[in-house]
Ligand SMILES: Nc1ncnc2c1ncn2[C@@H]1O[C@H](COP(=O)(O)OP(=O)(O)OP(=O)(O)O)[C@@H](O)[C@H]1O
Ligand SMILES: [Mg+2]
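In full-length UniProt numbering, the protein residues as written are 1 to 229.
Following this line, the structure appears as C-alpha cells:
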C-alpha cells in the first residue's frame, strides 16, 4: 500500500539544504527539507516572510540548486542535471507563475504565450493556434493583440497562467500568484487555478493568505527553513 502511495509522488525532496554566501555571513535559507507531494493535489506553502518559501519553490522548479540534498520531480533527479538539461526540463515539463507576472512588456499577449512553444520548437502556425486556445481558457481572447504593458494586473496574471500552461505541464508552481492583485482579480485567478486542479494538474502555490491556503487540500508550513506541518 505504502509503495503505491510512494509511486504517486510527483515531488520528493530529501534533506535539502540551501545556503547563500559562506562562512559567518552565510544565510541558511533551507535547513533540511523533507517533503513529498502527491500527483494531482492542490498544495499551499505558507510561513513567515524570509523563512524559505520561495527558495523551496525555486529548488523544486529547478530555477535554483540545493547546496545539498536530493530533489526528484516527475521521476527526474533534478539536482543532478546539467544546467542545459535542467533548462530543458523546466521549460517542457513545468509551469511557473510569479507574483510580478514576468511578462515581456513590449510583446503582445499572444507572443508572450508563444514563447515556451517556440522553445519547444512547435511549428509557428500551431504555436498561434495553441496560444489562442489558452487565451480562451483564461477568458482573454479579446486582448490577443494587446501589448503586455497595456493590461491590468489581473489580466497580466491570467496571461502568465496561459503561458505557464503552454506545454501542458502536469505540475504548476506558483509564488504568490495573487499577491499583487485586487480582490476581484484575485478571485478570477483563483477560479482558474481551481479549475486547473479539477482537470488533474498538481498545484504548489506559495501564499501569505490563510484564506487562500484553506482552499487547497494541504497546507505546508515553512519556518526557519524547515517544514512544520
Ligand atoms: N539570492 C539570494 N542571495 C542571498 N540570500 C537570499 C537569496 N534569496 C533568498 N535569500 C535569503 O534566504 C532567506 C529565504 O528567502 P525566501 O525568499 O525563500 O523567503 P520567503 O519565505 O519566500 O519570504 P517572502 O514571504 O518575503 O517572499 C531570506 O533570508 C533571504 O534573504
Ligand atoms: Mg517569497
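Ideal Cβ positions, reconstructed from N, Cα and C, are used throughout, including at glycine. Everything numeric in this text was worked out from a predicted model, so none of it was measured.
Item                                                                                                                              : Value
CB-CB length for residue 30 against residue 62, believed under 8 Å                                                                : About 15 Å separates the two Cβ atoms, so there is no contact after all.
Three-state class that DSSP yields for residue 34 in the structure shown                                                          : strand
Same chain, Cβ closer than 8 Å to residue 15, five either side skipped, listed in chain order                                     : 32, 33, 34, 68, 69, 70
Residues near residue 36 by beta carbon distance below 6 Å, same chain, minus five either side                                    : 9, 12
Own chain, CB closer than 7 Å to residue 243, minus 5 neighbours either side, in chain order                                      : For residue 243 there is no data in the structure shown, the boundaries of the chain being 1 and 229.
Closer than 7 Å to ligand 2: residues, by C-beta to nearest heavy atom, in chain order                                            : 53, 54, 175, 176, 206
Three-state secondary structure assigned by DSSP to residue 174                                                                   : strand
Closest by C-alpha distance to residue 60, when choosing among 160, 48, 205                                                       : 205
Beta-carbon proximity list for residue 78, same chain, < 8 Å, skipping 5 on both sides                                            : 62, 71, 72, 86, 89
N- and C-terminal bounds of the alpha helix (DSSP H) containing residue 118                                                       : 109-119
CB of residue 41 within 8 Å of CB of residue 217, strictly                                                                        : yes
Distance between residue 224 and residue 122 (C-alpha atoms, nearest Å)                                                           : 43 Å
Burial state of residue 50, where buried means 16 or more other Cβ atoms lie within 10 Å                                          : exposed
Option in 17, 46, 23, 39 with minimal Cα separation from residue 220                                                              : 46
Chain-order list of residues whose beta-carbon lies under 7 Å from that of residue 116 (same chain, five-residue window excluded) : 91, 163, 166, 167
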